[in-house]
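Enquirer:
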Amino acid sequence: MRSKNNLWIIIAILALNSIGLSIVLPLLPFLVAKYLAPHQVVVGMSLLMSVFAACTFFAAPILGGLSDRYGRKIILIISLLGSVAGYVIFGIGGALWILFLGRIIDGLTAGNISTLFAIVSDSTEPEERTKWFGYIGSVMGLGKIGGPAIGGLLGSIALSLPFFVTAGLIFISGLLAYFCLPETRPADKRTPRLTAGSFNVFIHFKEVFGLRGLAMLFVSGTLFYAGQGIFQFNFTLFLKDVYKWGPAIIGSLLTIVGVCDISTRALLLPWLLKNFSEQRIGIAGLVGLAAGLALICTSAFVHSVLLISLAIVFIIAGGGLFESIYNGRLSRSVDESQQGKLQGVNQSLQSANNMLVPLGAAAIYFHSPAMLYAVATFIALFAMFTYSKYLPVKKAVMESGTLV
39 MRSKNNLWII IAILALNSIG LSIVLPLLPF LVAKYLAPHQ VVVGMSLLMS
89 VFAACTFFAA PILGGLSDRY GRKIILIISL LGSVAGYVIF GIGGALWILF
139 LGRIIDGLTA GNISTLFAIV SDSTEPEERT KWFGYIGSVM GLGKIGGPAI
189 GGLLGSIALS LPFFVTAGLI FISGLLAYFC LPETRPADKR TPRLTAGSFN
239 VFIHFKEVFG LRGLAMLFVS GTLFYAGQGI FQFNFTLFLK DVYKWGPAII
289 GSLLTIVGVC DISTRALLLP WLLKNFSEQR IGIAGLVGLA AGLALICTSA
339 FVHSVLLISL AIVFIIAGGG LFESIYNGRL SRSVDESQQG KLQGVNQSLQ
389 SANNMLVPLG AAAIYFHSPA MLYAVATFIA LFAMFTYSKY LPVKKAVMES
439 GTLV
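The numbering used here puts the sequence shown at residues 39 to 442.
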């Protein structure tokens with residue numbers, strides 16, 4: 039029986055990180071606006087997101103592979119300290135290039151989420167992972183309840199203050215990992231040696247995509263993260279431009295995100311897993327995501343707080359259901375020796391999305407905010423189509439290195 043003690047420490051680390059990250063979320067458009075003209079803010083935000091994502095794309099699979107070789111704990115601590123440095127630099131600011139420097143440092147050490155997910159896989163039985171990924175996601179939602187409101191209040195004092203607070207919270211989580219988190223990857227189960235290919239991100243991709251059936255799962259996940267990414271990267275700007283709301287109002291509204299996350303992943307998902315197949319739950323999640331994005335598109339023409347609120351509920355609930363199912367299936371697709379590499383590739387794919395989606399979204403947003411969310415709706419529907427058409431209905435298990 040695997041020990042669950044590690045999971046409580048992971049929950050504490052993720053809660054601190056989630057609070058910190060959600061604190062800065064409502065402030066990004068306003069911080070970038072200090073250095074760019076109003077019509078250039080969307081481009082500046084997109085470039086910052088894309089630079090961070092580009093660094094993560096190359097770093098995450100390598101860090102994941104290194105965690106298979108040297109253990110999870112050291113890689114996690116390095117990643118957390120990199121985030122601390124990145125947010126301190128971001129808070130210091132003073133010039134646009136300094137903001138980019140902070141994002142680059144954070145991106146090159148970005149392996150905390152993939153490493154934490156690998157620790158969850160190390161610490162749970164395969165059949166329990168979907169449920170635990172749901173619980174972990176709900177804990178991350180805790181920070182989203184109060185974080186945006188706190189960020190709005192701190193930002194009204196000084197725009198840089200929330201970034202220093204975030205750096206402090208992540209530093210505390212690093213101390214927690216160092217002093218309290220045991221190593222979950224025993225020396226006798228680690229990858230025996232490193233090769234030149236261990237530092238080649240494309241070799242990691244080739245090895246992971248070589249597993250039969252896994253490539254199509256990644257396609258569905260990539261489309262999902264593209265649709266969700268448009269919401270995550272653009273929604274605060276949408277509310278600022280279309281509804282003319284400030285940081286305090288936006289931050290208060292985004293507390294709905296945390297409430298929905300917790301309710302969906304911690305309460306609704308476990309009940310659904312007892313009564314429905316993972317396939318059906320995943321499809322329902324993607325339908326919810328598409329419905330929420332369509333509501334935002336509608337709200338561009340019919341200004342309504344109710345429409346915006348319903349959109350957040352559908353997007354967060356739908357995303358929470360699908361993401362938990364997706365991560366559970368991924369973790370069961372490889373054996374224990376490759377969990378770090380798999381999670382690294384998964385984070386790298388999300389980073390590729392984060393690199394390309396903001397740039398494409400910015401171009402469409404310039405033309406029409408409503409059109410952007412119409413495109414996002416079709417992406418979510420296409421994700422549902424690929425997931426329902428190509429993936430097997432029966433539970434994913436590992437048999438002779440293939441996903442069946």
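We put the CB at the ideal spot given by N, CA and C, even for glycine.
1) Identify every run of the alpha helix (DSSP H) within the stretch 45 to 78, keeping only runs that are complete inside it and at least 4 residues long; order them along the chain.
2) Can you tell me the Cα-Cα spacing of residue 311 and residue 246, whole angstroms?
3) Helix, strand or coil for residue 450, going by three-state DSSP, please let me know.
4) Which residues in the same chain have their Cβ closer than 7 Å to the Cβ of residue 267, if we skip the five residues on either side of it in sequence?
5) Just mark residue 165 as buried or exposed, buried being the case when its beta carbon has 16 or more other beta carbons within 10 Å.
6) Rounding to the nearest angstrom, what Cα-Cα distance links residue 265 and residue 418 in this structure?
7) For residue 132, count neighbouring C-beta atoms within 10 Å of its own C-beta (all shown protein chains included) and say buried if the count is 16 or more, exposed if not.
8) Which stretch, first to last residue, makes up the alpha helix (DSSP H) that contains residue 164?
9) When the Cα of residue 176 is compared with those of 209, 254, 258, 306, which residue comes out closest?
10) So the candidates are 338, 262, 410, 368; which of them puts its Cα closest to the Cα of residue 353?
11) Please go through the same chain and pick out, in chain order, the residues whose beta-carbon is closer than 8 Å to the beta-carbon of residue 275, but skip the five residues on each side of it.
12) According to the Cβ coordinates, are residue 331 and residue 269 closer than 8 Å?
13) Could you give the distance in angstroms between the alpha-carbon of residue 301 and the alpha-carbon of residue 172?
14) Excluding the 5 residues flanking residue 145 on each side, which residues of the same chain have their C-beta closer than 6 Å to its C-beta?
15) Give every residue of the same chain whose Cβ lies closer than 6 Å to the Cβ of residue 372, excluding the five residues on either side of it in the sequence, and list them in chain order.
16) Rounded to whole angstroms, what's the CA-CA distance from residue 121 to residue 208? Just pull it up for me.
17) Roughly how far, in whole angstroms, is the beta-carbon of residue 62 from the beta-carbon of residue 140, given that I think they are within contact range, below 8 Å?
18) Sorted by chain position, which residues of the same chain lie with C-beta nearer than 6 Å to residue 99's C-beta, five sequence neighbours on each side aside?
19) My assumption, with CB atoms under 8 Å, is that residue 292 sits in contact with residue 200. Please give the rounded CB distance.
20) In its own chain, which residues sit with a C-beta less than 6 Å from the C-beta of residue 154, not counting the 5 before and 5 after it?
21) In terms of residues, what are the limits of the alpha helix (DSSP H) holding residue 242?
22) Output needed for residue 211: all residues of its chain with C-beta closer than 7 Å, excluding positions within five of it in sequence on either side, in chain order.
23) Here's the rule: buried if 16 or more other CB atoms are within 10 angstroms of the residue's CB, otherwise exposed. What is residue 343?
24) Looking at the structure shown, is residue 88 part of a helix, part of a strand, or coil, going by DSSP?
25) Taking 8 Å as the threshold (C-beta atoms), are residue 364 and residue 326 in contact?
26) Can you name the start and end residues of the alpha helix (DSSP H) that residue 264 belongs to?
27) If you check the beta carbons only, do residue 285 and residue 65 fall under 8 Å apart?
28) In chain order, what residues of the same chain have a beta carbon less than 6 Å from the beta carbon of residue 58, not counting five sequence neighbours either side?
29) Does DSSP classify residue 372 as helix, strand or coil?
30) What does the alpha-carbon distance come out to for the pair residue 416 and residue 328?
31) Apart from the five residues just before and just after residue 366, which ones in its own chain have a Cβ nearer than 6 Å to its Cβ?
32) In angstroms with no decimal places, state the Cα-to-Cα distance between residue 218 and residue 110.
33) Please state whether the Cβ-Cβ distance between residue 215 and residue 378 is less than 8 Å.
34) From 426, 44, 152, pick the residue whose C-alpha is nearest to that of residue 103; which is it?
Expert: With the given structure in hand:
1) 66 to 70
2) 27 Å
3) An answer regarding residue 450 cannot be provided, because it is not within the stretch 39 to 442 covered by the chain.
4) Cβ within range, chain order: 391, 392, 395.
5) exposed
6) 5 Å
7) exposed
8) Run containing residue 164: none; DSSP gives neither H nor E here.
9) 306
10) 262
11) 67, 79, 80, 83, 403
12) yes
13) 10 Å
14) 90, 93, 94
15) Excluding sequence neighbours, residue 372 sits near 380.
16) If I take the Cα positions, the gap works out to 7 Å.
17) Actually they are not in contact, since the Cβ atoms of residue 62 and residue 140 sit about 11 Å apart, beyond 8 Å.
18) 239, 242, 382, 383, 386
19) With 8 Å as the limit, residue 292 and residue 200 do not qualify as a contact, their Cβ atoms being about 13 Å apart.
20) 48.
21) 239 to 247
22) 51, 54, 55, 118
23) exposed
24) helix
25) No, they are not a contact pair.
26) 252 to 280
27) yes
28) If we look at residue 58 and ignore the five residues flanking it on each side, its Cβ neighbours are 204, 207, 208.
29) coil
30) 7 Å
31) If we look at residue 366 and ignore the five residues flanking it on each side, its Cβ neighbours are 167, 168, 171.
32) 13 Å
33) Contact flag unset, no.
34) 152
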